Amino acid sequence: MKRWHELTVLLYSLFRKRLAMIVLLAILPPTLILISFSLSINVIETYSERLLEYASNTAITISEKTDSLSCCLSIRYGLMTIVSRDASLRAQVIMVDDVVKLKNLTNINLRIAGSGCEHVRVSVSPVLIEVLNISLGEPIKVCADNECFVACVAYYHDKRLKNYLIIEGINESTRLNEGFLCVRDAREVDKSLIRSLINELTEFSKNFVLIVLSTYVPVLYLADVKLLEELSKELKILSTQGVSVSDLRLVFALSTSLITGLVTIYSTALGYLVVSAGVAILRVFGNQIIPTPELRVEHVTLAIIATLLNFLISYLVFRGGRRVIS
Numbered sequence: 001m002k003r004w005h006e007l008t009v010l011l012y013s014l015f016r017k018r019l020a021m022i023v024l025l026a027i028l029p030p031t032l033i034l035i036s037f038s039l040s041i042n043v044i045e046t047y048s049e050r051l052l053e054y055a056s057n058t059a060i061t062i063s064e065k066t067d068s069l070s071c072c073l074s075i076r077y078g079l080m081t082i083v084s085r086d087a088s089l090r091a092q093v094i095m096v097d098d099v100v101k102l103k104n105l106t107n108i109n110l111r112i113a114g115s116g117c118e119h120v121r122v123s124v125s126p127v128l129i130e131v132l133n134i135s136l137g138e139p140i141k142v143c144a145d146n147e148c149f150v151a152c153v154a155y156y157h158d159k160r161l162k163n164y165l166i167i168e169g170i171n172e173s174t175r176l177n178e179g180f181l182c183v184r185d186a187r188e189v190d191k192s193l194i195r196s197l198i199n200e201l202t203e204f205s206k207n208f209v210l211i212v213l214s215t216y217v218p219v220l221y222l223a224d225v226k227l228l229e230e231l232s233k234e235l236k237i238l239s240t241q242g243v244s245v246s247d248l249r250l251v252f253a254l255s256t257s258l259i260t261g262l263v264t265i266y267s268t269a270l271g272y273l274v275v276s277a278g279v280a281i282l283r284v285f286g287n288q289i290i291p292t293p294e295l296r297v298e299h300v301t302l303a304i305i306a307t308l309l310n311f312l313i314s315y316l317v318f319r320g321g322r323r324v325i326s
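So the sequence shown is numbered by this note's numbering: it starts at 1 and just counts up by one.
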């Protein structure tokens with residue numbers, strides 16, 4: 001209880017004399033720069049990931065003709081009946097010469113069951129697997145009109161062609177429409193370049209964080225020296241009341257560290273508001289897909305790091321400045 005009283009006295013003096021402004025001036029600029037920069041990097045990362053997602057969702061069309069702006073693959077397509085041991089349904093079918101060529105063109109994720117299939121190979125999506133209750137390597141029956149053939153589920157493809165059964169090997173006798181599956185080239189993005197940019201920005205931000213954090217040490221040291229001088233009267237009064245030097249050192253370190261933590265939290269919130277305001281302005285001018293910045297764990301832990309760092313520095317400052325209260 002006694003130490004709590006001493007801590008309360010110093011905190012009251014810090015606010016009464018407006019000494020928190022010393023900590024604010026010492027911590028606000030580097031923290032504001034660090035948080036604003038870090039949040040901006042996070043916005044760029046999220047924005048770039050959305051751009052990559054946009055690129056991977058390039059439009060896929062099926063038509064009877066090709067055009068000069070697209071990369072196309074010759075296919076047959078139409079509706080066929082798919083029969084498994086538990087269910088049957090009418091589904092859209094794409095018949096290609098080689099499933100791997102289709103994968104390379106559309107960038108679908110393709111999982112291969114193995115080489116155990118002895119029938120015509122087909123690829124199914126999660127939707128068809130769930131409806132038909134089938135698994136990789138399992139045989140199914142595919143029918144057009146009254147003609148059926150047995151196929152083996154050799155591949156598994158993702159949601160980009162989720163409504164299609166893909167049959168490998170074009171059968172001329174099958175009554176399906178002839179056409180082309182096309183992917184537009186105009187929306188393709190060099191993904192490796194974007195990922196390289198993200199990695200470089202992330203690496204630079206880590207180095208920038210270390211540089212900014214290193215500025216805390218001399219700045220906090222000078223701030224704590226000033227606080228010790230300004231609180232010398234209160235510390236002398238507590239000393240004359242019988243408070244030991246070790247207790248004075250502890251409550252001085254605790255009070256200044258508490259102020260440091262609060263100021264760091266304030267600076268973090270202010271930095272978040274600055275970046276959010278910038279994002280809002282960009283959206284007003286038409287960039288609707290730019291993401292809102294998100295506070296992450298490392299941003300919140302900055303206050304903890306600053307508090308612990310100041311505790312150590314203020315503890316050492318008091319040891320070196322004991323003559324102030326003597």
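We put the CB at the ideal spot given by N, CA and C, even for glycine.
Keep in mind that this is a model prediction, so the values were computed, not measured.
>> Along the chain, where does the beta strand (DSSP E) containing Lys327 start, and where does it finish?
In response: Here the chain has residues from 1 to 326 only, and residue 327 is not among them.
> What do you reckon, are the CB atoms on Leu235 and Thr264 nearer than 8 Å?
Replying inline: Contact: no.
> Which two residues bound the contiguous alpha helix (DSSP H) that contains Arg335?
Replying inline: This structure cannot speak to residue 335, because the chain is shown only from 1 to 326.
> Taking only runs of the alpha helix (DSSP H) that begin and end inside the region 148 to 231, which ones reach a length of at least 4 residues, in chain order?
Replying inline: Within the region 148 to 231, the complete alpha helix (DSSP H) runs of at least 4 residues are 191 to 230.
> Closest by CA to Ile33, which one among Ala269, Glu6, Glu147, Pro291?
Replying inline: For the residues Ala269, Glu6, Glu147, Pro291, the minimum Cα distance to Ile33 belongs to Ala269.
> Along the chain, where does the alpha helix (DSSP H) that runs through Ser314 open and close?
Replying inline: Annotation for Ser314: the continuous alpha helix (DSSP H) segment containing it runs 297 to 320.
>> On the criterion of 16 or more Cβ atoms from any shown chain inside 10 Å, does Leu73 qualify as buried, or is it exposed?
In response: With 16 or more other Cβ atoms inside 10 Å of its own Cβ, Leu73 counts as buried.
> Helix, strand or coil: which one does DSSP assign to Ile134?
Replying inline: In the three-state scheme derived from DSSP, where H, G and I count as helix and E and B as strand, Ile134 is classed as coil.
> Is the beta carbon of Leu238 sitting closer than 8 Å to the one on Val9?
Replying inline: Yes, the pair counts as a contact, with Cβ atoms nearer than the cut-off.
>> Rounding to the nearest angstrom, what Cα-Cα distance links Val153 and Ile198 in this structure?
In response: One C-alpha to the other measures close to 39 Å.
> DSSP three-state call for Ile27: helix, strand or coil?
Replying inline: Per DSSP, reduced to three states, the secondary structure at Ile27 is helical.
> Are the Cβ atoms of Leu176 and Val93 separated by less than 8 Å?
Replying inline: Taking 8 Å as the cut-off, the beta carbon of Leu176 is found closer than this to the beta carbon of Val93.
> Mapping DSSP to helix, strand and coil, what is Thr61?
Replying inline: In the structure shown, Thr61 falls within a strand segment according to DSSP collapsed to helix, strand and coil.
>> Need the endpoints of the beta strand (DSSP E) that Leu19 sits in, please.
In response: Looking at the DSSP string, Leu19 is not in any beta strand (DSSP E), and its letter there is neither H nor E.
> Quick one: is His5 buried, meaning 16 or more other Cβ sit within 10 Å of its Cβ, or exposed?
Replying inline: The residue is exposed, with fewer than 16 neighbouring Cβ atoms inside 10 Å.
>> So if DSSP puts Val83 in a beta bridge, which residue, or which two residues, is it bridged to?
In response: Per DSSP, Ser88, Lys141.
> By DSSP, does Ser36 sit in helix, in strand, or in coil?
Replying inline: DSSP places Ser36 in helix when its eight states are reduced to three.
>> Which of the three DSSP states is assigned to Ser125 in this structure?
In response: Look at Ser125 here: in three-state DSSP terms it is coil, with no helix or strand label.
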